[in-house]
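Chains as they are written, first to last, in the numbering used here: chain U, 199 to 453; chain C, 199 to 453; chain Z, -1 to 298; chain X, -1 to 298.
Every residue, glycine too, gets a C-beta built ideally from N, C-alpha and C.
Quick caveat: nothing in here was measured; it's all calculated off a predicted structure.
Notes for the one structure printed next.
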Amino acid sequence: MAEKFKEQAVVIRQEEISYGIYSMWLKTEQIAGKAKPGQFISLYCHDGSRMLPRPISICEIDAKDNALRIVYRVAGKGTEEFSGLSTGDSIEIVGPLGNGFPLKEKKAFLIGGGIGIPPMVELAKQLNCEKQMVLGYRDTLFLQEEFKGLGSMYVATEDGSYGTEGNVLDAIKENGLDAEIIYACGPTPMLKAIKEYAIANGIECWLSLEEKMACGIGACLACVCKSKEKDSHSNVNNKRVCKEGPVFRAEEVEF
Amino acid sequence: MAEKFKEQAVVIRQEEISYGIYSMWLKTEQIAGKAKPGQFISLYCHDGSRMLPRPISICEIDAKDNALRIVYRVAGKGTEEFSGLSTGDSIEIVGPLGNGFPLKEKKAFLIGGGIGIPPMVELAKQLNCEKQMVLGYRDTLFLQEEFKGLGSMYVATEDGSYGTEGNVLDAIKENGLDAEIIYACGPTPMLKAIKEYAIANGIECWLSLEEKMACGIGACLACVCKSKEKDSHSNVNNKRVCKEGPVFRAEEVEF
Amino acid sequence: MNMEVNLAGVTLKNPVMTASGTFGSGEEFSEFVDLNKLGAVVTKGVANVPWEGNPTPRIAETYGGMLNAVGLQNPGIDLFVQRDIPFLKKYDTKIIVNVCGRTTEDYCEVVERLADQPVDMLEINISCPNVKEGGIAFGQNPKAVEAITKEVKKYAKQPVIMKLSPNVTDITEMAKAAEAGGADVLSLINTLTGMKIDINRRTFALANKTGGLSGSAIHPVAVRMVYQTAQAVKVPIIGMGGIATAEDAIEMILAGATAVSVGTANFHNPMVTEEIVNGIRDYMERYQVADIKELIGAVK
Amino acid sequence: MNMEVNLAGVTLKNPVMTASGTFGSGEEFSEFVDLNKLGAVVTKGVANVPWEGNPTPRIAETYGGMLNAVGLQNPGIDLFVQRDIPFLKKYDTKIIVNVCGRTTEDYCEVVERLADQPVDMLEINISCPNVKEGGIAFGQNPKAVEAITKEVKKYAKQPVIMKLSPNVTDITEMAKAAEAGGADVLSLINTLTGMKIDINRRTFALANKTGGLSGSAIHPVAVRMVYQTAQAVKVPIIGMGGIATAEDAIEMILAGATAVSVGTANFHNPMVTEEIVNGIRDYMERYQVADIKELIGAVK
Ligand SMILES: Cc1cc2nc3c(=O)[nH]c(=O)nc-3n(C[C@H](O)[C@H](O)[C@H](O)COP(=O)(O)OP(=O)(O)OC[C@H]3O[C@@H](n4cnc5c(N)ncnc54)[C@H](O)[C@@H]3O)c2cc1C
Ligand SMILES: Cc1cc2nc3c(=O)[nH]c(=O)nc-3n(C[C@H](O)[C@H](O)[C@H](O)COP(=O)(O)OP(=O)(O)OC[C@H]3O[C@@H](n4cnc5c(N)ncnc54)[C@H](O)[C@@H]3O)c2cc1C
Ligand SMILES: Cc1cc2nc3c(=O)[nH]c(=O)nc-3n(C[C@H](O)[C@H](O)[C@H](O)COP(=O)(O)O)c2cc1C
Ligand SMILES: Cc1cc2nc3c(=O)[nH]c(=O)nc-3n(C[C@H](O)[C@H](O)[C@H](O)COP(=O)(O)O)c2cc1C
Ligand code: FES
Ligand code: FES
């Protein structure tokens, strides 16, 4: 049983790194020290009208200083509230949650789409193998600097303003890339396409999923995804994204 | 029709002047410039779970700088929220609300009980007559300095730690005071006793009442008090504390 | 861009109205809102004679909402006709008079008195949980709903809106009964019956013990009932319950409401009704909705 | 100071329990809360066979609350008996198993399977609004409530709690029917049926369209129903609905609840149940309440 903590984290610093996209470093007591790439934390709002936690992936871990970084897009009221926090403010968080990515020593694609890019940063730092980052954006780039020196990087933008015009698979094709393992996080249509690509090419593939959550720890069954096999916990073909996931073998899950 | 404004006021400064009692100066756009002693403002909470305004009396008015002072006790969640505000923070307010005290040139008692003392400060400043402040406290004194130089002052404390042991009427009796007019604000039992005293002694008497409010402007009929005569607005024996009040002739209202 | 909606032949310039009892007859709020900007003003409930209402405390705040047990205090139809209608006539907005009563005869008396008055519609409150007689008793039984609707319709010269209570097992049953009785429009929801206890004084927070829950807290229940009702009847629906933003109003319209009423939110922000009108316009512009009618019941 | 309460012969060390479906079988929350500190753990609803539940999204946040349409996903009684009961037996707390079904036979099968199991009580969920068959259908008609209570009682070896739906015109009618059917304890309220629409995507926020509203938003409705029920029946009541603080729990007890269940608040703060136990103790100390039983139904 992985350890989880509920803490009053303190904002070390926060900045808007792209339009509506914020990067926040949080000082934790224990969470950062236990966290792994691909795991997430739950953040709680100060405003009493919003009761549910917001799940946000861990982007970077500074285990030495027990700090962690999240990068998030303002998508609604909760993330808007978070974006107003500044150095010294505190925020309740629970974590580390979920399973995280397996760290394998195989030639890898690290594929991030939009706001699915953040978890790839810590993964790239911890993976010990040949790394090819494939990053998909709508138009404006962010978190590019972070990958410098960690491997080769390929970018796709929907509007073609940078790199390949199209999606991450177009960038892979255009650059004639290959890999033995895929780690991916991003919008569902992207994950679906990557799953097909991986199966077609016989590549081991790990996908990080999203679903609406209530408890974030596996108790409420809000956040399930369809699984191919009967899940040992649920005894039906449902797995909990917050507990068995958010990272799943592509073959395990159905979209 | 008195003018009312909804504004984003800015906290000039706030301090805890006694245990759990806060004094806050607010910079307004127009409200302070139009306010009169005995009127109140509605303050709105930032936290979305609290939707109703908190009515708080105006303690002092700085018409020149368009600032006003309120003094309040932390009584629940809303006032607790306000107590956390500091210089530069903003808060939504509506005002000035209610009728205020009539300013008459008669030898006066200004009677304040506990958290009913604040409105007496501005009243004392604006009244042009012989003023006798009679202030009742449970134990700890506050807002005493403010009355210095405005008239004579008499204090009663429940525990006798300062001034007369007992209530404001005990202080009046002990000091052998008299007056031609009474202005009073404080807890209902005190107001009730003052009303009886005023009638028994044939003194003109104005009382500032409290009631739970929703709209604060006279539209919802939440905040009524029983009136002796049929009220011309309601057409029944109910007057609106927020609109016809909060200040009433003692004879007009029933407790 | 067209924001006009039609309720039983009455055209509102936009779908935003005030919820009865939260806005008086508009006078007090006219200091904050330009009444000309609203689709309609719905007045506080008025009876054949003046009502004293309940003892105080009449309201209590709750999480994301409030309880009220005002108990339909009102000045009676005579003073209302003499004072409140002329006030509202000065504005370019529709006038909807909310009617309450203790007996069917009470309701009919008020409706008859209003027949020759310049009011646009009548809203019959058969769903107030805060009075001992009348009110909700009429609104929790389909037979009673149909009967009172029929009676009122006999006397009414203006289109009749029946205002339904959410404190029922099946809202569609009541809605169908009102429609069968001849209702021209339905409005829902009135407040959910609730209670608050002060644990320090160990008493009820309201003198009346129970009160009606309103405000953002109840919005999801209101949306559900409006949706269910829209599937069950043909008459137009005025949706209300916890509408505090343009988003809330649009949600209600998408669920099937032709117009919306804003209540408790006025206490949180006296300018909210006008802001909601503007917010709906912004939404229509953003999504290029040429006519608001395209949104009514668009989510099925 | 005595915090013990008695529910149909079962003594709880304190009145704080978990609300079914929000706490699994306790395993996940045991990382945050010492289960030994709770009066009882009420499990997620379990059926005779595994249930898949509804498609996602299964939840949506609302103002001061949330909607859920999980649809009673559960692993079925076999795995539950083999895994969940032994887990809970490790703790010094009472075990209450929440039972769901599509037919009366389904319920009875589960109840029978539990007869020789070390569980302390059974809670029969006849009020789930999120499944097509069973659930709420049993809970909105007094005859059906009485009938299923009687059937279940035939098979039950443990005291039976009937869990009532708030989506009814008169909660006391259902409460009396359950009592007449032999219920040992009543629990209320389950969720209020609600709906949320995403105005940008113009779709329902939940795949199931409607869901159950829970959390602080509904607390005043729950307090009112517990109060009304306490005046109408003799059996003890477990109060729930929006309890998020010790104050909320005490309010429910003063209204007439012998014990309370905490649901949605666990999602906002995984340690809340233990904090509520401590907060009730603080209140009793502050007001010198020697026995919590003095508080039960103390406000009338
Ligand atoms: C495992 C996981 C990791 C995530 N990591 C990131 C990240 O690193 N950066 C980032 O920007 N976003 C991330 N998201 C999405 C993020 O959780 C939502 O954008 C956020 O919850 C929106 O909250 P809000 O209050 O601003 O929006 P609102 O729409 O106001 O939220 C209302 C409710 O819906 C939930 N919700 C809304 N959108 C989502 C969503 N996409 N997924 C899950 N719940 C949602 C909220 O948590 C809240 O309960 C992640 C989601 C999951 C499940
Ligand atoms: C005309 C008027 C003038 C007032 N002036 C002052 C003042 O100068 N200083 C001061 O400390 N207090 C004053 N009060 C009392 C003050 O309004 C309450 O203490 C305050 O609203 C409590 O809010 P809360 O959120 O802290 O308490 P909570 O108990 O959490 O409030 C819950 C709800 O009850 C209402 N409420 C609670 N107590 C009162 C009360 N005593 N009167 C009216 N509504 C109440 C709140 O406004 C809110 O809607 C005044 C009240 C009125 C009516
Ligand atoms: C203080 C108050 C008074 C009310 N008075 C009436 C009334 O007189 N007649 C009526 O039909 N509804 C009355 N209502 C109900 C509202 O019109 C509305 O149906 C309900 O409050 C839900 O809307 P809201 O959540 O926007 O307030 C009243 C509500 C409140 C809060
Ligand atoms: C996610 C979720 C799942 C639930 N599942 C069940 C269930 O399986 N059986 C049941 O009887 N009630 C279930 N409920 C209802 C709760 O037990 C409780 O009655 C209701 O949520 C009100 O309490 P609360 O406001 O404290 O959450 C569920 C509630 C939620 C929020
Ligand atoms: S969010 Fe509760 S099980 Fe995943
Ligand atoms: S608070 Fe609404 S009338 Fe006074």
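Give the DSSP bridge partners of Z/Ser212, in chain order.
Z/Met64
Count the other C-beta atoms from every protein chain shown that fall within 10 angstroms of the C-beta of Z/Arg284, then say buried if there are 16 or more, exposed otherwise.
exposed
Using a beta-carbon distance cut-off of less than 8 Å, what residues from the segment 339 to 360 of chain C approach chain Z?
none
In whole angstroms, what is the alpha-carbon distance linking Z/Asp90 and Z/Gly19?
21 Å
Quick check: the segment 245 to 254 of chain X against the segment 249 to 265 of chain Z, are at least 3 beta-carbon pairs closer than 8 Å?
no
In the DSSP assignment, the alpha helix (DSSP H) including C/Lys410 goes from what residue to what residue?
C/Lys410 -> no alpha helix (DSSP H), and no H or E assigned at all.
Regarding U/Asn264 and ligand 4, is the C-beta to nearest heavy atom distance less than 7 Å?
no
Since Z/Asp104 is in the alpha helix (DSSP H), which residue starts that stretch and which ends it?
102 to 111
Under a CB-based cut-off of 8 Å, is C/Gly274 close to chain U?
no
Which residue comes first and which comes last in the alpha helix (DSSP H) that contains C/Val209?
From DSSP, C/Val209 is part of no alpha helix (DSSP H) but of the beta strand (DSSP E) over 203 to 216.
Check whether the Cβ atoms of Z/Pro13 and Z/Ile241 lie closer than 8 Å to each other.
no
Looking at C-alpha atoms only, which residue of X/Glu245, X/Val109, X/Glu29, X/Thr101 is the closest neighbour of X/Val79?
X/Val109
CA-to-CA distance, C/Glu258 to C/Ile268, given in whole angstroms:
7 Å
Under 8 Å by Cβ, that's how I've got C/Asn297 and C/Val445 pegged, so tell me the actual separation to the nearest angstrom.
6 Å
Taking only heavy atoms of ligand 2 into account, decide whether any of them is closer than 7 Å to the Cβ of C/Arg271.
yes
Hey, is C/Arg438 close to ligand 6, as in C-beta under 7 Å from one of its heavy atoms?
yes
Return helix, strand or coil for Z/Leu36, following the three-state DSSP convention.
coil
Can you give the Cα-Cα distance for C/Met318 and C/Leu407, rounded to whole angstroms?
14 Å
Within a Cβ cutoff of 6 Å, which residues of the same chain sit near Z/Asn46, ignoring the five residues on either side of it in sequence?
Ile75, Asp104, Glu107, Val108
At the 8 Å Cβ level, is X/Pro218 part of the contact set with chain Z, yes or no?
yes
I need the straight-line Cα distance from C/Met199 to C/Ser247, nearest angstrom please.
Only weak support is given to the placement of C/Met199: the predicted model assigns it a pLDDT of 49, under 50, and the value that follows is read from those uncertain coordinates. Roughly 32 Å between the two C-alpha positions.
Contact set between C/Arg248 and chain Z, taken where Cβ atoms lie within less than 7 Å
Glu59
Could you pull out every residue in the same chain whose Cβ sits closer than 6 Å to the Cβ of U/Lys441, ignoring the five residues on either side in sequence?
Gly416
Tell me which residues share the same chain as C/Phe340 and place their Cβ nearer than 7 Å to its Cβ, disregarding the 5 neighbours each side in the sequence.
Ile215, Ser216, Ile219
Identity of the residue in U/Leu348, U/Val292, U/Lys329, U/Ile392 nearest X/Pro268 by Cα
U/Val292
Does chain U have any CB closer than 8 Å to the CB of C/Asp245?
yes
Can you confirm whether C/Ala417, when its beta carbon is compared against all beta carbons of chain Z, has any partner nearer than 8 Å?
yes
Under 8 Å Cβ to Cβ from X/Asn206, same chain only, skipping five residues before and after it: list those, please.
Asn52, Pro53, Arg56, Ala67, Gly69, Asn128
Assigned secondary structure, U/Asp368 (DSSP; H/G/I helix, E/B strand, else coil)
helix
Shorter than 8 Å from the beta carbon of X/Arg279 to some beta carbon of chain Z?
no
Could you check which residue in C/Lys262, C/Cys243, C/Gly314, C/Ser432 has the C-alpha nearest to that of C/Ile256?
C/Gly314
With distances taken between CB atoms, is the gap from X/Ala220 to X/Gly237 smaller than 8 Å?
yes
8 Å Cβ cutoff met for C/Gln306 and C/Glu290
The sequence shown places Ala at residue 306 of chain C, rather than the Gln named in the question. Against a cut-off of 8 Å, the Cβ pair of C/Glu290 and C/Ala306 comes out as no contact.
For X/Lys92 and X/Ile159, what's the separation of their Cα atoms in angstroms?
14 Å
Residues of the segment 189 to 201 of chain X with Cβ closer than 9 Å to any Cβ of chain U, in chain order
none
Alpha-carbon spacing of C/Gly310 relative to U/Gln206, whole angstroms:
43 Å
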